[in-house]
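Chains as they are written, first to last, in the working numbering: chain B, 21 to 132; chain U, 53 to 168. Quick notes on the structure that follows.
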């Protein structure tokens, strides 16, 4: 079982719609969760991080964390073509390793 | 966010030569730096973790003698791909973290290595 799982997509949504990206993780003791956006040929850039159960909103982005279900999601409201990218979920697991574990990413396409 | 500068952004080298990639934290002291490799349409694969002044910790399957990592200061880490081969062609990305493990890491721009 992969430690961090994401649907690879591609996920297509029309412009203005809500894009929902999902991520599950296997380490129940994981503490910190990050969403990165990666454009083709570029390095990832941090969008949001979340530590506590519930929702965290930043502009058009909302991260949702449910530790009981080991599930973290990213919602993008009013999606724009410029949001088209691969979204990487990253989890900081428990234990001494202490480095981020990345999912394989979900490719999002926002159609104009 | 903090700025991490990676250089060069692109490099083409001949098979058998060595290539050095630099990763600098410009406005913070990076206690920990990470080196990743990413093949097309795949996720980031952690190669090694380096802490300033100590030997890097390599992930399983990564040859430490082939991928030399030096983290000589709190603002600079280097990755040297020695005796490069075409299969080493990839996108190499560094990231740096300032403090505690639960803080976010910031990525460099990445280096596209092509070995011909």
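All C-beta atoms in this analysis are idealised placements derived from N, C-alpha and C, irrespective of residue type, glycine included.
Cβ of residue i within 8 Å of any chain U Cβ
| i | result |
| --- | --- |
| residue 64/B | yes |
| residue 53/B | no |
| residue 81/B | no |
| residue 74/B | no |
| residue 36/B | no |
| residue 125/B | yes |
Residue i at chain B interface by Cβ criterion, 8 Å
| i | result |
| --- | --- |
| residue 161/U | yes |
| residue 104/U | no |
| residue 136/U | no |
| residue 145/U | yes |
| residue 194/U | There is simply no residue 194/U to check, as chain U begins at 53 and stops at 168 in what is shown. |
| residue 101/U | yes |
From the options, residue whose alpha carbon lies closest to that of residue i
| i | options | result |
| --- | --- | --- |
| residue 130/U | 142/U, 102/U and 139/U | 102/U |
| residue 126/U | 150/U, 135/U and 116/U | 150/U |
| residue 90/U | 156/U, 141/U and 158/U | 141/U |
| residue 13/B | 92/B, 108/B and 91/B | Since the first and last residues shown for chain B are 21 and 132, residue 13/B lies out of range. |
| residue 160/U | 148/U, 166/U and 134/U | 148/U |
| residue 80/U | 95/U, 97/U and 57/U | 57/U |
| residue 127/B | 96/B, 32/B and 25/B | 32/B |
| residue 110/B | 44/B, 38/B and 89/B | 44/B |
| residue 100/U | 144/U, 69/U and 66/U | 144/U |
| residue 128/U | 96/U, 105/U, 112/U and 115/U | 105/U |
| residue 67/B | 162/U, 113/U, 119/U and 156/U | 156/U |
| residue 136/U | 166/U, 85/U and 92/U | 166/U |
| residue 105/B | 41/B, 119/B, 84/B and 24/B | 41/B |
| residue 114/U | 95/U, 122/U and 88/U | 88/U |
| residue 54/U | 61/B, 60/B, 59/B and 65/B | 65/B |
| residue 139/U | 92/U, 86/U and 107/U | 92/U |
| residue 50/B | 91/B, 114/B, 121/B and 83/B | 114/B |
| residue 112/U | 132/U, 63/U, 76/U and 98/U | 98/U |
| residue 100/B | 77/B, 36/B, 119/B and 72/B | 36/B |
| residue 158/U | 69/B, 23/B and 75/B | 69/B |
| residue 91/B | 62/B, 47/B and 120/B | 47/B |
Simplified DSSP assignment, three categories, for residue i
| i | result |
| --- | --- |
| residue 111/U | coil |
| residue 139/U | helix |
| residue 94/U | coil |
| residue 118/U | coil |
| residue 82/U | coil |
| residue 161/U | coil |
| residue 69/U | coil |
| residue 104/U | coil |
| residue 54/U | coil |
| residue 133/U | strand |
| residue 108/B | strand |
| residue 119/B | coil |
| residue 130/B | strand |
| residue 74/U | strand |
message: Restricting to runs no shorter than 3 residues, where is the beta strand (DSSP E) found entirely within the region 21-104 of chain B?
response: Here the runs fully enclosed are 24-26, 31-34, 39-45, 52-58, 65-70, 74-78, 81-86 and 91-96.
- request: Mind checking the region 83-98 of chain U against chain B and listing, in chain order, the residues whose C-beta falls within less than 9 Å of any C-beta there?
  value: Per Cβ criterion, the list reads 84, 86, 88, 90, 93, 94, 95, 96, 97 and 98.
field: Residues within the region 102-123 of chain B neighbouring chain U, beta-carbon criterion of under 9 Å
entry: Within the region 102-123 of chain B, the residues whose Cβ lies closer than 9 Å to any Cβ of chain U are, in chain order, 106, 108, 110, 112, 117, 118, 119, 120, 121, 122 and 123.
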